[in-house]
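Numbering-wise, the sequence shown is residues 1 to 79 according to UniProt numbering. Built from N, CA and C at the ideal position, the CB exists for glycine as well. Treat the numbers as computed from the prediction; the structure is a model and nothing was measured.
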Amino acid sequence: MVHPRSNRGTPAALRSRLLIPALVALVGGIGGFAFGLARDDAVTALGALLFLPSAALLFGIVAKRHGIGPFGPSNRRGD
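Set out below in structure tokens:
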């Protein structure tokens with residue numbers, strides 16, 4: 001029987017200071033991509049996509065520091 005994971009790390013992760021630059025990078029990437037598409041500017045749209053890996057990396061760092069998602073403690077027992 002598998003027990004559900006607790007979300008104790010989620011509130012602490014939401015107070016992390018790294019979420020601010022992660023959100024800025026995410027909004028900048030999506031906003032720049034939309035702006036580029038709206039103005040028929042492929043260079044701006046593709047250049048804005050370069051912000052998305054940075055945002056993903058910062059969100060991943062926060063998740064790993066707080067043990068959220070696949071970075072949480074494992075329920076498996078060693079043999």
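Item to check | Extent of the continuous alpha helix (DSSP H) run through Leu49 | outcome: The residue given as residue 49 occupies position 49 in the sequence shown. For Leu49, no alpha helix (DSSP H) segment is defined, and its DSSP state is neither H nor E.
Item to check | Residue interval of the alpha helix (DSSP H) (run including Gly67) | outcome: Within the sequence shown, the letter at position 67 stands for residue 67. The continuous stretches of alpha helix (DSSP H) do not include Gly67, and DSSP gives it neither H nor E.
Checklist entry - Do you know how far the Cα of Gly60 is from the Cα of Ala45? => result As a first step, residue 45 must be located in the sequence shown, where it is residue number 45. As a first step, residue 60 must be located in the sequence shown, where it is residue number 60. Near 24 Å, if we compare the C-alpha coordinates of Gly60 and Ala45.
Checklist entry - Nearest to Gly36 by alpha carbon, out of Ala25, Gly67, Leu49 and Ala55? => result Numbered from its first residue, the sequence shown carries residue 36 at position 36. Closest option to Gly36, Cα to Cα, is Leu49.
Item to check | Where Ser16 sits in the DSSP three-state scheme | outcome: Position 16 of the sequence shown, counted from the start, is the residue given in the question as residue 16. Note: Ser16 maps to coil in three-state DSSP.
Checklist entry - Who are the near neighbours of Leu23 in its chain, counting only those whose CB is closer than 8 Å to its CB and skipping five residues on each side? => result Here residue 23 corresponds to residue number 23 of the sequence shown, with the count starting at 1. Answer for Leu23: Ala55, listed in chain order.
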